[in-house]
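Undergrad: Right, I'll just put the structure down here and ask away after.
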Amino acid sequence: MTTALAHPADAPSSGVTNAKLGVWLFLASEVMLFGTLFTTYLVLRMGAASWPRGWDVLNVPLGMLNTFVLITSSVTIVLSYVKAAEKDLAGFRAYMAATIALSFVFLVVKGFEYGAHFKHGEFPSTNIFNAVYFTMTGLHGCHVIGGIIVNTALLYLSGEDFEHPLFAGRVEGAGLYWHFVDIVWIFLFPALYLL
Amino acid sequence: MVKNSHSSPHDSHAPQSFWSHYVFSTDHKMIGLQYLITSFIFLLIGFSLMMLMRWQLAFPGHPIPLIGSLLSSAVAPNGVMTGEFYNQLGAMHGTIMVFLGIVPLGVGAFGNYVMPLQIGAPDMAFPRLNMMSYWLYLPGGLLMLLSFLLPGGAAQSGWTSYAPLAIINPGQTVWLLAMVIIITSSLLGAVNFLTTGLNMRAPGLSLDRLPVFTWAQLVTAVLLLLAFPPLEAAAILQLMDRVAGTSFYLPAGLVVLGQQVKASGGGQPLLWQHLFWFLAHPEVYVLVLPPMGIVSEIIANGTRKPLHGYKTLVASMISIGVMSFIVWAHHMFLSGMSPMLGNFFLVTTMIISVPSVAILTCLIYSLKGGSIRFTVPMLWALAFIPLFGIGGLTGLPLGLTTTDIYLHDTYYVIGHFHYVVVTGSIIALLGGTYYWFPKWYGRKMDETLGRIHFWGTVVCMNGIFFPMFIQGMAGQNRRYFDPTAHLHNLPTQPLHVVSSVFAWLLFLFQLPFIYNFFSSMFKGERVDDNPWEATTLEWACPSPPPHGNFVKTPRVYRGPYEYSLPDQTRDWLPQHEEAKALT
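Order-wise, the sequence lines are chains A and B.
Under this note's numbering, think of the first position of the first sequence as 60, with each following residue one higher.
Under this note's numbering, think of the first position of the second sequence as -12, with each following residue one higher.
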């Protein structure tokens, strides 16, 4: 979208495309958002009289499974970017569809975990650990849903936009965001399940 | 975000429909004007709430004349406002003025309209995102206002919404929802501003040639980008406390009005204060930096001189931006913290005053030897310097832990920060309105009405806020609904009447401005593209600028403030003109 806006002479001034710079800046704000939540976790845990061991109250094997699912999806989105850069439409679609499918697997597994908690009468209001657990994983889940929307849009648009010179750049931007969602989980999993 | 767009909205220059031109516009100039009008309306609403409160403070227990009979008996039985309603007005006054008035005016309006022009860009980097920012800001603001009409009324725990009070008080849920929407709008704007400023500069416009106003916008965008997400997270946690019954900010065994609060406990009330001020101190600089940028532009133009210490100004703004992240807890000296920690924040607070003073010093030195043109914008810029100075210097005793123990939560604090944001920010923003109005509409605002507006406003603002220093030093607490209920407040009660009368007079002096603004839009004196004989790029395009701004992308040859060069026929040399040596 920036082609018509950029200056013909020496644009863009910073050498990075607008979309890529925008995504990086957005991610900086996301780091502050999740950074605040992790700080809250630390402050509340250090101030708490007792704090449950993650593996006593959470399902570690399911969490582990989800970790692998997300890491795999990070690989597939990189491959879809490679295929987009190589102008291989079928390859791009296959890997992007795999990424979206893995995101759904993550959400379904998370849903089973939540369901088991609710069945045992464990809600966010039950204790401060549950409050932290549900809020942090819930917000992360919202980011996963956001990623699904972006990735699905790219898959849908690839029908007519695939040859656009900036299309691969858009996939790269979506990939950056998806890696960030992945990295947040890499921190969440040990903080909540293993420590 | 930007990925699913097919073509640029600027590909076509075909005539647009009413809706796409005035309402759902992607043009930074139209969005800037939307922000301008909307935020001025919010400023007026926030001011009206305060005018009601001023009646209660000056004449507690007396029915409000005229308006009292219009209010429902739930908030003002027999025209006398209740304490709950007073608290709602106070909380909403602060929230509206800060988040819906001054920030959108300084950033959304002036930043949006002027910054792309100053860097010679055809539009913002992400025009659709820009539109989305406005269309999140407006519904967020309306939701905030709507909360007055909901059962329980508006939020009544102050704009700071300290826990656990805010979690127990009614009205807070809507406040939190509206805040999350407004913050999201600001975040999108910050991404957009930074990308635009870094990526869309005209050829030759290196960072050391950027006008100070654009620098101020870039530093402000960094602050918004990094300081707002913590408040968003904090607001989400408070929302969870209210909606999902969690206890992030509720300690165990909390008792309210003799009743044990039904919550699991285990949270920390002070955590909210830390997270809130981690945003809200950088936010102070979000309120102040764009106005400083506006004043710098007007001073350079009005003195016909290069700004004194351009590099010092820019370096000071950047260091203010960095330092503003490590001073937040000076708002919390009395909330309870280790004296060691208090000392740390005392020292950082004293350090951050150095670049602020450096900026003011540069502006004062810029006046020296200048052939000053006392235009209306210049009057506002000149008033900014001493009045903002009062605001800044009265802050020092609040940053020192020992004196803060006495002054904390008194009217002195209100006087201090209103000198900063009212006689500082708002004065500069009004000056900026007069300065850039010719660019927006190709016409000038009326000089005589402008001078009436200026003198009336400056006198009234001082009349409102100066008495508060005296009341504060006499020990009057800032949050009391009825000051006369305490004996020690009675000697300074007449000063409340003084403040209130000046507040109502201030309203009267805004009427010439409102009339001037709209009548000049259609009937003002027509002026050429560069009526102030200024040097920066926004004056190089037609007034008002067409879609896409510049007829031809400008090339920049020099720094932003080349006034009164000795070997030139004119006393200004625009950034985009090749130098013609006098032979």
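Ideal Cβ placement from N, Cα and C applies to all residues, glycine included.
Note that the structure is predicted; figures quoted are calculated from it, not measured.
Is N156/B helix, strand or coil by DSSP?
TA: For the purposes of this step, residue 156/B is identified with residue 169 of the second sequence, where counting begins at 1. The answer is coil: DSSP assigns N156/B none of H, G, I, E or B.
Undergrad: Are there 16 or more other CB atoms within 10 angstroms of the CB of P91/B, so buried, or fewer, so exposed?
TA: Counting from one through the second sequence, the residue named residue 91/B turns up at place 104. So P91/B counts as buried.
Undergrad: With a threshold of 16 other CB atoms inside 10 Å of the CB of W6/B, please say whether the residue is buried or exposed.
TA: As a working note, residue 6/B is residue 19 in the second sequence. It is exposed - the Cβ of W6/B has fewer than 16 other Cβ atoms within 10 Å.
Undergrad: Taking 8 Å as the threshold, find out whether the segment 247 to 254 of chain B comes into contact with the segment 83 to 94 of chain A through three or more Cβ pairs.
TA: Result no; under three Cβ-Cβ pairs closer than 8 Å.
Undergrad: Taking all protein chains shown into account, decide if E284/B is buried (16 or more other Cβ within 10 angstroms of its Cβ) or exposed.
TA: Taking the first residue of the second sequence as 1, we reach residue 284/B at position 297. Burial call: buried.
Undergrad: So with Cβ pairs under 8 Å, would you call S133/A a contact of chain B?
TA: Position 74 of the first sequence, counted from the first residue, corresponds to residue 133/A. It does not; no Cβ of chain B falls within 8 Å.
Undergrad: Residues of chain B with CB under 7 Å from M155/A, in chain order?
TA: The residue labelled residue 155/A in the question sits at position 96 within the first sequence. Under the 7 Å cutoff, chain B gives no residues; its nearest Cβ is about 12 Å from M155/A.
Undergrad: Give every residue of the same chain whose Cβ lies closer than 6 Å to the Cβ of T444/B, excluding the five residues on either side of it in the sequence, and list them in chain order.
TA: One-based indexing of the second sequence puts residue 444/B at position 457. These residues qualify, in order along the chain: F496.
Undergrad: Among I338/B, L244/B, T233/B and T13/B, which one has its Cα closest to the Cα of G386/B?
TA: Along the second sequence, read from residue 1 onward, the residue named residue 386/B stands at position 399. The shortest Cα separation from G386/B among I338/B, L244/B, T233/B and T13/B belongs to I338/B.
Undergrad: Against chain A, does I223/B count as a neighbour if the rule is that its beta carbon must be under 8 Å from one of theirs?
TA: Here residue 223/B corresponds to residue number 236 of the second sequence, with the count starting at 1. Output row for I223/B: interface = yes.
Undergrad: Any idea if Q21/B is buried or exposed, counting beta-carbon neighbours within 10 angstroms, 16 or more meaning buried?
TA: Start at 1 with the first residue of the second sequence, and residue 21/B comes out as number 34. Flag for Q21/B reads buried.
Undergrad: How many angstroms separate the CA atom of F182/B from the CA atom of L192/B?
TA: As a working mapping, residue 182/B is identified with position 195 in the second sequence. As a working mapping, residue 192/B is identified with position 205 in the second sequence. Note that residue 182/B corresponds to Thr in the displayed sequence, not to Phe. Going by the C-alpha atoms only, they are around 15 Å apart.
Undergrad: Check whether the segment 521 to 531 of chain B touches the segment 550 to 564 of chain B, taking contact to mean three or more Cβ pairs, one atom from each stretch, closer than 8 Å.
TA: In short, these stretches touch, since the Cβ pair count reaches three.
Undergrad: Just verifying my parser: in three-state terms, what is the DSSP assignment at E512/B?
TA: By one-based count along the second sequence, residue 512/B stands at place 525. Looking at E512/B - three-state DSSP - the assignment turns out to be strand.
Undergrad: Okay, do the segment 122 to 134 of chain B and the segment 170 to 182 of chain B touch, 3+ Cβ pairs below 8 Å being the bar?
TA: The segment 122 to 134 of chain B is in contact with the segment 170 to 182 of chain B.
Undergrad: Identify the contact partners of G174/A in chain B, using a Cβ-Cβ distance below 7 Å as the criterion.
TA: Taking the first sequence and counting its residues from 1, the one referred to as residue 174/A is at position 115. Near G174/A there are no residues of chain B at all, since even the closest Cβ is about 17 Å away, more than 7 Å.
Undergrad: If contact means a Cβ-Cβ distance below 9 Å, which residues of the segment 169 to 183 of chain B contact chain A?
TA: Answer set for the segment 169 to 183 of chain B: L174, L175, A177, V178, N179, L181, T182 and T183.
Undergrad: Tell me whether W162/B sits in a helix, a strand or coil according to DSSP, three-state version.
TA: Within the second sequence, numbered from 1, the residue matching residue 162/B stands at position 175. W162/B: helix per DSSP, three-state reduction.
Undergrad: For chain B, check one thing: does any of its Cβ atoms lie closer than 8 Å to the Cβ of F85/A?
TA: Within the first sequence, numbered from 1, the residue matching residue 85/A stands at position 26. It does; some Cβ of chain B falls within 8 Å.
Undergrad: Would you list, in chain order, the members of the segment 254 to 287 of chain B that have their beta-carbon closer than 7 Å to a beta-carbon of chain A?
TA: The residues in question are G254, Q255, L258 and L262.
Undergrad: Quick check on L524/B - is its C-beta less than 8 Å from some C-beta in chain A?
TA: Here residue 524/B refers to the residue found at position 537 of the second sequence. By this cut-off, L524/B is not an interface position.
Undergrad: Can you name the residues of chain A whose CB is closer than 8 Å to the CB of K232/B?
TA: The residue given as residue 232/B occupies position 245 in the second sequence. The question names Lys, yet the displayed sequence has Gly at residue 232/B. Simply F182, P183 and S184.
Undergrad: Check the Cβ of L198/A against every Cβ in chain B and list those closer than 9 Å, keeping chain order.
TA: As a position in the first sequence, residue 198/A is number 139, starting the count at 1. Simply A220 and I223.
Undergrad: List the whole-angstrom C-beta distance separating L224/B from T99/A, where the pair is believed to meet the contact cut-off of C-beta under 8 Å.
TA: In the second sequence, the residue the question calls residue 224/B occupies position 237. In the first sequence, the residue the question calls residue 99/A occupies position 40. The pair is a contact, with the Cβ atoms about 7 Å apart (cut-off 8 Å).
Undergrad: Put T397/B into one of helix, strand or coil per three-state DSSP.
TA: Taking the second sequence and counting its residues from 1, one reaches residue 397/B at position 410. Strand, per DSSP.
Undergrad: Put K431/B into one of helix, strand or coil per three-state DSSP.
TA: As a working note, residue 431/B is residue 444 in the second sequence. K431/B: strand per DSSP, three-state reduction.
Undergrad: Let's see if you can read the secondary structure: which residues bound the alpha helix (DSSP H) around G206/A?
TA: Numbered from 1 along the first sequence, position 147 holds the residue referred to as residue 206/A. Per DSSP, G206/A belongs to the alpha helix (DSSP H) from I187 to D220.
Undergrad: At the level of alpha carbons, what is the spacing between D69/A and G184/B?
TA: Your numbering for residue 69/A matches position 10 in the first sequence. Your numbering for residue 184/B matches position 197 in the second sequence. With a pLDDT of only 43 at D69/A, under 50, the local geometry of the prediction cannot be trusted, and the value read off the model is given with reservation. One C-alpha to the other measures close to 14 Å.
Undergrad: Note down, in chain order, each residue of its chain lying with its Cβ closer than 7 Å to the Cβ of R513/B, except the 5 sequence neighbours on either side.
TA: The count along the second sequence starts at 1 and reaches residue 513/B at position 526. Taken in chain order, the residues that qualify are G429 and R430.
Undergrad: Any idea which residues DSSP pairs V116/A with across the strands?
TA: Residue 116/A sits at position 57 when you count from the first residue of the first sequence. V116/A pairs with nothing; no bridge assigned.
Undergrad: When DSSP labels each residue in this structure, what does Q143/B get in the three-state scheme?
TA: Walking along the second sequence from the start, residue 143/B turns up at place 156. Coil.
Undergrad: With a Cβ-Cβ cutoff of 8 Å, do M79/B and A141/B count as a contact?
TA: Within the second sequence, the letter at position 92 stands for residue 79/B. Within the second sequence, the letter at position 154 stands for residue 141/B. Yes, the Cβ-Cβ distance between M79/B and A141/B is below 8 Å.
Undergrad: Show which residues of chain C have a CB atom less than 9 Å away from the CB atom of S251/B.
TA: Among the chains of the structure shown, chain C does not appear; the protein chains present are A and B.
Undergrad: Output, in chain order, the set of chain A residues within a Cβ distance shorter than 9 Å of F235/B.
TA: Position 248 of the second sequence, counting from 1, holds the residue named residue 235/B. Going along chain A in sequence order, the residues near F235/B (Cβ under 9 Å) are T99, L103, I187, A190, V191 and T194.
Undergrad: Just the chain A side, please: which residues come within less than 8 Å of P151/B by C-beta, in chain order?
TA: As a working mapping, residue 151/B is identified with position 164 in the second sequence. The contacting residues do not exist; P151/B stays about 14 Å from chain A at best.
Undergrad: Taking the CB atoms as reference points, tell me whether L274/B and G93/B lie closer together than 8 Å.
TA: What you label residue 274/B is simply residue 287 of the second sequence in a count that begins at 1. What you label residue 93/B is simply residue 106 of the second sequence in a count that begins at 1. Cβ atoms of L274/B and G93/B: closer than 8 Å.
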